[in-house]
Amino acid sequence: MSKFIDKTLSNAIGYIQQSIYSEKYAKRNGLLQGIDGRAKIIALLFLIISAVYAKTIDMLLFFIVLSMILAAASKIPLSFFIPRVWFFVPLFTGIIVLPATLNVVTPGKEIFTLMAIKSWHLSVTKEGIHAAAILIARVAATSSFAILITLTTRWNDAVESMHDLKFPKVFVLVLSMSYRYIFLLMDMVKNMLLSRKSRVMGKEKSMGSWKLYSPIIASLFMKAFSLNGKVYHAMLARGFGNEPQSMKKKSISIKSVLFLLLCTSLAIAMLICERQEVVQCLLP
Amino acid sequence: MPSPVIELHNVSYTYPDGTEALKNITAKIFEGESVAIAGPNGAGKSTLLLIMGGLLAPSSGEVKIFGKKIDGKMISNAKKMYEVRKKMGIVFQDPDVQLFSSTVRDDVAFGPIHLGMSMDEVESKVSDTLKFLGLEHVAEKHPYELSGGEKRKAAIATVLVSSPDVLLLDEPTADLDPKSRKEFVELLKKLKDGGKTIVIATHDMEMLPEIAEKIFVIDRENITEGNLRDVLMDEKLLEEANLDVPLVARLFKMLENSGINCDEISFDIGSATEKMAEMLSD
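Here it is as structure tokens:
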């Protein structure tokens, strides 16, 4: 058990440090990396909103394909991008959506029966599968665009863009400081685990090892709390008055403006198409 | 006569858990002085520095910074503390406390921005300070990526950028390698020659003769103020405070004990070299 926790923690720390901290894909010279953070966030948010309102599979598939084209143009290998999107979608949405495929939740044309007790039966319906597919495709499309933002934007640019886009200042400050200190706290955990490991001789009993982890958690909490007070003093000493300010006022490139216009026009056009389809469906 | 920049009168401080960090401390620091605060671990040096920097209000007693009485209500009021914050820079013992932004450049810019400087002024001051301290190559880096010495330099940059009149430094030479330490001492000398008031809380007695003229030896309840040279000669006081004399001074004392007349004890390597050359030529 001890080995299990040790490995889980050190792998989790290693993964977060490598994948977030190295900003491997955000540093590449691709399409989205060259777009101003503000334009990128607005453009992809528009696409996300449009995907949320999309009601047909075709349109959602279009958004999914579009996200893959953007990923490829941003030099993100599809072998990395697709599993990243599709790992979470079935894991979270798939489980939630399963009951919707059944006749008890979504009545309709039954495709096959899972269980039958006398006159009562549990079947999968065509309408249920359609509803589930729409939801899964919608989650996949929206999460693809969200993942594209995180993969192609350096954290500092994202924070600055949020500041420029008038996100609440305290929210931006908290995000920025979380990013700053998450690595420090991770290092603390890693060092505490190493120090503990260096003093453990022989094989540990499962219960004993579990008991030893609680003081580490408590100690980390206390260290984080103490750090919090000291950092506040350091901010106060440099003129902080509970109202965070930022430095950069960047001009926006023509390429970014064009990208923004293209994406927003596309998102709006898709929304209008969808609405017309709905209107047509309603017409006799 | 120079005016006092920091005045403490019967200052006591007790932490919320009941630990008494300081008791009835009275001290004055004057404009342009270079002052050391020395004492054993847990003597309250860092707490004293926070009080002197207008970041902690004393539990009792009176604190005046630039003649302005500081109390608990004022400390968190940015407007009322504006002048104090602008004129006073504090470098914390742990650079990870000082460097809280996501890049070194942002961290250096934090003070000037929050003190209301224009963006052009901020950008030029940040660039100048980074250049002055040789930190241009790490400007866009995350503080986590810096070495111990670079972190320390960056922490100093975050304060120097606002050109404060008073510098409060908490163990500034801790975790610096010999080269960085030497560079840092040279930097402090320059700042001192430029008329800045410098207050250093430290254990590093080797550095002090080169920078400080006055010393406060502190141990929670007691504070002994004196000329640095006189205090460094007071073996009993130094022993009680777990402090040591600089190696050079110890060498001169040993020479005197072995019957060699040294006239005057040197405390820093520069004057010691001159003195030794003089003695050898005689």
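Protein chains in written order, with our numbering: chain Z, 1 to 284; chain F, 1001 to 1282.
Virtual Cβ for every residue (Gly too), placed ideally from N, Cα, C.
Bear in mind that the values here come from a model prediction, so they are computed numbers and not experimental data.
Drop a sphere of 10 angstroms on the beta-carbon of residue i, count the other beta-carbons inside from all chains shown, and report buried for 16 or more, exposed for fewer.
i	result
residue 155(Z)	buried
residue 1(Z)	Model confidence at residue 1(Z) stands at a pLDDT of 47, short of 50, so the residue's coordinates are unreliable and nothing is read from them.
residue 1085(F)	buried
residue 1282(F)	exposed
residue 1033(F)	buried
residue 1107(F)	buried
residue 1193(F)	exposed
residue 145(Z)	buried
residue 121(Z)	exposed
residue 160(Z)	buried
residue 218(Z)	exposed
residue 92(Z)	exposed
residue 221(Z)	exposed
residue 1266(F)	buried
residue 1088(F)	buried
residue 1252(F)	buried
residue 99(Z)	exposed
residue 41(Z)	buried
residue 289(Z)	Only positions 1 to 284 of chain Z appear in this structure, which leaves residue 289(Z) out of reach.
residue 116(Z)	exposed
residue 1232(F)	buried
residue 268(Z)	exposed
residue 1186(F)	exposed
residue 1050(F)	buried
residue 95(Z)	exposed
Please list the partners that residue i has in chain Z, where partner means a Cβ-to-Cβ separation under 7 Å.
i	result
residue 1144(F)	183 and 184
residue 1157(F)	Going along chain Z, no residue has its Cβ under 7 Å from residue 1157(F), so there is no contact; the nearest lies around 12 Å.
residue 1006(F)	The premise fails here: residue 1006(F) is roughly 14 Å from chain Z at the closest Cβ pair, so nothing lies under 7 Å.
residue 1152(F)	Here the premise fails: no neighbours, minimum Cβ distance about 14 Å.
Residue i versus chain Z: which residues are under 8 Å apart at the beta carbon?
i	result
residue 1103(F)	156
Please list the partners that residue i has in chain F, where partner means a Cβ-to-Cβ separation under 7 Å.
i	result
residue 177(Z)	1100
Name the chain Z residues that come within less than 9 Å of residue i, Cβ to Cβ?
i	result
residue 1201(F)	Per Cβ cutoff of 9 Å: no residues; residue 1201(F) is ~15 Å from chain Z at best.
residue 1097(F)	227, 230, 231, 233 and 234
residue 1090(F)	233, 234, 237 and 238
residue 1220(F)	Per Cβ cutoff of 9 Å: no residues; residue 1220(F) is ~20 Å from chain Z at best.
Name the DSSP beta bridge partners of residue i, please?
i	result
residue 1120(F)	DSSP, once it has assigned bridges, lists no residue as partnering residue 1120(F).
residue 1254(F)	Paired residues: none, contrary to the question.
residue 1222(F)	1219(F)
residue 1027(F)	1008(F)
residue 1197(F)	1166(F)
residue 122(Z)	115(Z)
residue 1036(F)	1200(F) and 1215(F)
residue 1068(F)	1065(F)
residue 1091(F)	1169(F)
residue 1060(F)	1012(F)
residue 1227(F)	1214(F)
residue 1206(F)	None; residue 1206(F) has no bridge partner.
Find the residues of chain F that neighbour residue i, judging by a C-beta separation of less than 8 Å, and give them in chain order.
i	result
residue 240(Z)	1078, 1110 and 1114
residue 84(Z)	Within 8 Å Cβ-Cβ: nothing; residue 84(Z) doesn't reach chain F, min ~23 Å.
residue 196(Z)	Within chain F, no residue comes near residue 196(Z); the closest Cβ sits about 22 Å away, beyond 8 Å.
Taking residue i as the query, report the chain B residues whose CB atoms sit under 8 Å from its CB, ordered along the chain.
i	result
residue 1165(F)	Among the protein chains in the structure shown, which are Z and F, there is no chain B.
Can you pull the chain F neighbours of residue i, defined as C-beta to C-beta under 9 Å?
i	result
residue 199(Z)	By Cβ distance, chain F contributes nothing, its closest Cβ being about 24 Å from residue 199(Z), past 9 Å.
According to a CB-to-CB cut-off of less than 8 Å, which residues of the stretch 150-172 of chain Z neighbour chain F? So the list reads 155, 156 and 159, given in the order they occur along the chain.
Please determine if the stretch 62-77 of chain Z and the stretch 102-113 of chain Z are in contact, where contact requires at least 3 C-beta pairs separated by less than 8 Å. They do not touch, by the three-pair rule.
Could you run through the stretch 1111-1125 of chain F and flag, in chain order, every residue whose CB is less than 7 Å away from some CB of chain Z? Residues 1111, 1113, 1114, 1115, 1119 and 1122.
Could you please tell me which residues of the stretch 207-238 of chain Z, in chain order, have their CB closer than 8 Å to any CB of chain F? Correct list: 227, 230, 231, 233, 234, 235, 236, 237 and 238.
Taking one C-beta from the stretch 1197-1216 of chain F and one from the stretch 1170-1187 of chain F each time, how about it: are there three or more such pairs within less than 8 Å? Below 8 Å, enough C-beta pairs join the stretch 1197-1216 of chain F and the stretch 1170-1187 of chain F to call them touching: three or more.
Of all the residues that make up the stretch 1029-1056 of chain F, which are near chain Z by a beta-carbon distance shorter than 7 Å? Here the close residues are 1050, 1053 and 1055.
Is there contact between the stretch 1047-1067 of chain F and the stretch 1127-1143 of chain F, where contact requires at least three CB pairs shorter than 8 Å? Counting C-beta pairs closer than 8 Å gives fewer than three between the stretch 1047-1067 of chain F and the stretch 1127-1143 of chain F, which falls short of the contact rule.
The stretch 1092-1104 of chain F / the stretch 1137-1148 of chain F touching (three or more Cβ pairs under 8 Å): Touching, per the Cβ criterion.
Using 8 Å as the Cβ pair cut-off and three pairs as the minimum, do the stretch 1115-1123 of chain F and the stretch 167-181 of chain Z touch? Contact fails between the stretch 1115-1123 of chain F and the stretch 167-181 of chain Z, because fewer than three Cβ pairs, one in each stretch, are under 8 Å apart.
Would you list, in chain order, the members of the stretch 119-143 of chain Z that have their beta-carbon closer than 9 Å to a beta-carbon of chain F? Against chain F - using a Cβ distance shorter than 9 Å - the stretch 119-143 of chain Z contributes no residues.
How do the stretch 177-193 of chain Z and the stretch 51-66 of chain Z stand: do at least 3 beta-carbon pairs fall below 8 Å, yes or no? No, because fewer than three Cβ pairs between the stretch 177-193 of chain Z and the stretch 51-66 of chain Z fall closer than 8 Å, the two stretches do not touch.
Which residues, taken in chain order from the stretch 1224-1252 of chain F, show a beta carbon closer than 7 Å to some beta carbon of chain Z? Under the 7 Å Cβ criterion, the stretch 1224-1252 of chain F contributes no residue.
The stretch 1215-1225 of chain F touching the stretch 1020-1035 of chain F, judged by at least three CB pairs closer than 8 Å: Segments in contact, yes.
Three-pair Cβ contact test at 8 Å for the stretch 5-14 of chain Z versus the stretch 129-139 of chain Z: Two segments are said to touch when three or more pairs of C-beta atoms, one from each, lie closer than 8 Å; by this definition the stretch 5-14 of chain Z does not touch the stretch 129-139 of chain Z.
How about the stretch 251-267 of chain Z and the stretch 31-50 of chain Z: do they share at least three Cβ pairs that are nearer than 8 Å? In short, these stretches touch, since the Cβ pair count reaches three.
Between the stretch 1173-1196 of chain F and chain Z, which residues of the former have CB atoms less than 9 Å from a CB of the latter, in chain order? Cβ contacts with chain Z come from no residue of the stretch 1173-1196 of chain F.
Say whether the stretch 75-86 of chain Z touches the stretch 186-202 of chain Z, bearing in mind that this needs 3 or more beta-carbon pairs closer than 8 Å, one atom from each stretch. No: fewer than three Cβ pairs fall under 8 Å.
Counting Cβ pairs closer than 8 Å, one from the stretch 1236-1248 of chain F and one from the stretch 1260-1275 of chain F, do we hit at least three? When Cβ pairs closer than 8 Å are counted between the two stretches, the stretch 1236-1248 of chain F is seen to touch the stretch 1260-1275 of chain F, the count reaching three or more.
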